[in-house]
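Numbering-wise (numbering that gives the first Met the number 0), the first sequence opens with residue 0 and increments by one.
The beta carbon of each residue, even a glycine, is placed where N, CA and C say it ideally should be.
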Amino acid sequence: MRSPSCEKKACLKKGPWSHEEDELLKSYISKYGIWNWCHMPKFAGLSRSGKSCRLRWMNYLKPNVKRGNFSQEEEEIIIQSHSLLGNKWAAIASKLPGRSDNEIKNYWHTHLKKRTTHNLACQTNDKNEINGSVTSEISEVQEIEDDNVNGHFGLLFVQNSEDTSSSSSSTSSPIDSGFDFNGDYYNLGSPGTVEDIQSFWQQLFPLENSELEISHQDISSDPVFQYLKF
DNA sequence: AAAGGCCCCAACCGCAATTCC
DNA sequence: TGGAATTGCGGTTGGGGCCTT
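Put into C-alpha cells, the structure is as follows:
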C-alpha cells in the first residue's frame with residue numbers, strides 16, 4: 000500500500016504541536032473550512048502532514064471537544080459499548096459527543112480495562128463459589144439510544160440570508176456545507192459555479208467571524224479558491 | 001536530592017475503506 | 001473500470017510527569 004503522495008515530503012514536522020501551530024490550523028479552518036486535509040497544511044503555513052493536522056483537529060481543536068475527566072455516566076457508556084462493539088473506538092466515540100476515539104481508547108486502556116478485567120475475575124470467582132451461572136455484562140447491555148448523536152443538528156455558521164441583493168442569483172439556495180453542532184465540517188455536494196462559491200463564502204464569513212470582511216477580489220486570490228479550479 | 005520505574009496520553013504508523021479522476 | 005488520492009480507524013510508541021526507593 001502506497002503512502003499518500005502529499006505526505007512523501009521528508010521535511011514534515013513531527014511531535015507535539017506548538018500553540019502557534021494550533022492557532023494557524025484553527026484560524027485557517029474557521030476561515031476556509033476543511034476542504035482537503037492533504038493540501039490544507041501547505042496553505043495554512045504548516046509543515047505537518049494532512050493526517051497529523053486531521054488528528055490534531057479531531058482530538059483537540061475542533062469546537063465542542065470535551066477535555067478532562069470522564070463522568071461516571073460516560074464511563075458506563077464506554078464499558079457497555081465496548082462489551083457490545085469491542086475495540087470499535089470510533090463507534091463508541093459516536094455515543095459520547097465531544098469525546099474523540101483516541102481519547103476513549105486511551106482512557107479504556109489506562110482506566111477501564113483494569114477495572115473490567117478485575118470485575119470479570121471477581122465474577123469468575125463468584126461463579127466458582129456459588130457454582131451458578133454468571134450473567135455477563137453483555138447480556139445486560141441494552142442498545143444505547145443514539146438518535147441524536149450521529150446526525151447533523153443544523154448549521155452553526157450558515158443561515159439563509161435575507162439580503163437578496165448580494166447575489167446575482169434570483170433564488171437564495173441553501174448552502175450545503177458548514178459546521179454542524181458537533182463541530183464537524185460537512186459538505187453535501189460540489190459548490191457549483193463561481194457565483195455559488197462567492198455566495199457561499201459571503202454567507203459563511205459574516206456569521207463565523209463578524210469582524211471579518213471579504214470581497215470578491217479576496218476570494219478569487221485565495222489559494223483555496225484557486226485550488227477549486229478557478 | 002537523585003535515580004529508576006511506572007503511568008498516562010498525545011501523536012505516529014500501517015492498513016483498509018472510500019472517493020475521485 | 002481501474003488506479004491514484006484521500007480519509008478514517010485501530011494498534012503502538014515515546015516522552016514527560018509522577019511516584020517510589
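query                                                                                                         : result
beta-carbon Lys65 near the ligand FAD non-hydrogen atom, thresh 8 Å                                           : The model on display carries no ligand, and the ligand FAD is accordingly not part of it.
Cα-Cα separation, Lys87 to Met57                                                                              : 17 Å
DSSP state of Lys94 mapped onto helix, strand, coil                                                           : coil
Leu45 in three-state terms, based on DSSP                                                                     : coil
His18 classed as buried or exposed, judged by whether at least 16 other C-beta atoms fall within 10 angstroms : exposed
As assigned by DSSP and simplified to three states, the class of His18                                        : helix
Cβ distance (whole Å) where Lys65 is taken to contact Arg98 below 8 Å                                         : 6 Å
Leu24 versus Cys10, Pro40 and Lys12, residue with shortest Cα-Cα distance                                     : Pro40
Classification of Arg47 by the beta-carbon crowding that lies within 10 angstroms, buried from 16 upward      : buried
Limits of the unbroken alpha helix (DSSP H) element including Tyr106                                          : Asp100 to Tyr106
DSSP three-state assignment for Trp270, whether helix, strand or coil                                         : There is simply no residue 270 to check, as the chain begins at 0 and stops at 229 in what is shown.
Check whether Glu15 and Asn63 have beta carbons under 9 Å apart                                               : Correcting the residue type first, residue 15 is Pro in the shown sequence and not Glu. Cβ distance not < 9 Å, so Pro15 and Asn63 don't count as in contact.
Helix, strand or coil at Ile33 according to DSSP, with G and I counted as helix                               : coil
Rounded straight-line distance, which links the Cα of Leu11 to that of Leu45                                  : 9 Å
Start-to-end residues for the alpha helix (DSSP H) that takes in Leu82                                        : Before going further, note that residue 82 is Ser rather than Leu in the sequence given. Gln71 to Leu84 is the span of the alpha helix (DSSP H), which, as asked, contains Ser82.
Whole-angstrom distance between Arg53 and Leu83, CA atom to CA atom                                           : 28 Å
Alpha-carbon spacing of Ala92 relative to Glu73, whole angstroms                                              : 10 Å
Lys12, DSSP secondary structure in three states                                                               : coil
Rounded C-alpha distance that separates Phe69 from Ser80                                                      : 15 Å
Simplified DSSP assignment, three categories, for Pro40                                                       : helix
Short Cβ contact (9 Å threshold) for Ile237 with Trp107                                                       : Any question about residue 237 goes unanswered here, given that the chain covers just 0 to 229.
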